[in-house]
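**Q**
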Amino acid sequence: MNKEQRQFPRVPESFEASYRPMGRLHDPWREIRTFDLSVGGLRGLVKEPLELSAPLDIQLMLPGSAGQLQVLLRGTVLWSHTAAPGATEVRIRFDDATPDQEMQIDECVQFLLKRPTPRREASE
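Following our numbering, the numbering of the sequence shown begins with 765 at its first residue and continues without gaps.
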């Protein structure tokens with residue numbers, strides 16, 4: 765899917781995120797090493813393979829002016845592919861996000877997309 769077909773803009777940034785099977789409150793949170801984020805979901809690496817359509821609780825930490833903002837979401841595994849031994853690339857769709865949660869994610873994405881990219885200085 766090319767960029768123009770996406771429903772929501774994505775930002776290619778790494779965010780602190782974790783998951784656990786939905787509703788399994790006593791299970792430990794497991795790390796997701798994120799590659800990109802949008803209002804609709806995220807893409808990242810996890811250590812164990814995840815089943816397609818598996819429902820997840822997602823904990824996302826967004827950078828904010830007063831430190832990090834924790835956003836708790838529900839998600840569904842849309843895509844899962846073994847990238848290397850002990851590393852599975854996943855795409856997770858956010859489900860049932862509140863308008864406030866969507867706004868928090870969108871504000872973070874928009875801010876990061878508008879951020880100036882560092883320029884390389886020419887060598888003399």
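Heads up, the beta-carbon is just placed ideally off N, CA and C, and yes, glycines get one too. Just so it is clear, the structure is predicted and the values come from calculations on it, not from any experiment.
1. Kindly list the residues whose CB is nearer than 7 Å to the CB of G804, restricted to its own chain and excluding five residues on each side of it in sequence; keep chain order.
2. Excluding sequence positions up to five away, which residues of its chain have a Cβ less than 6 Å from the Cβ of D860?
3. Taking the beta strand (DSSP E) that F858 falls in, what are its first and last residues?
4. Rounded C-beta distance between V873 and V775? I'm assuming under 8 Å.
5. Please classify L836: is it buried, with 16 or more other beta-carbons within 10 angstroms of its beta-carbon, or exposed?
6. In three-state terms, what does DSSP make of V873?
7. In its own chain, which residues sit with a C-beta less than 6 Å from the C-beta of R797, not counting the 5 before and 5 after it?
8. Could you have a look at D864 and say whether DSSP puts it in helix, strand or coil?
9. So the candidates are E777, P813 and P785; which of them puts its Cα closest to the Cα of D800?
10. Nearest to D791 by alpha carbon, out of L806, F779 and I822?
**A** Put simply:
1. Q771, F772, R857 and F858
2. R838
3. A851 to D859
4. Yes, V873 and V775 are in contact; Cβ-Cβ is about 5 Å, under 8 Å.
5. Burial call: exposed.
6. Correct three-state label for V873: helix.
7. G808 and L809
8. helix
9. Looking from the CA of D800, the closest CA among E777, P813 and P785 belongs to E777.
10. I822
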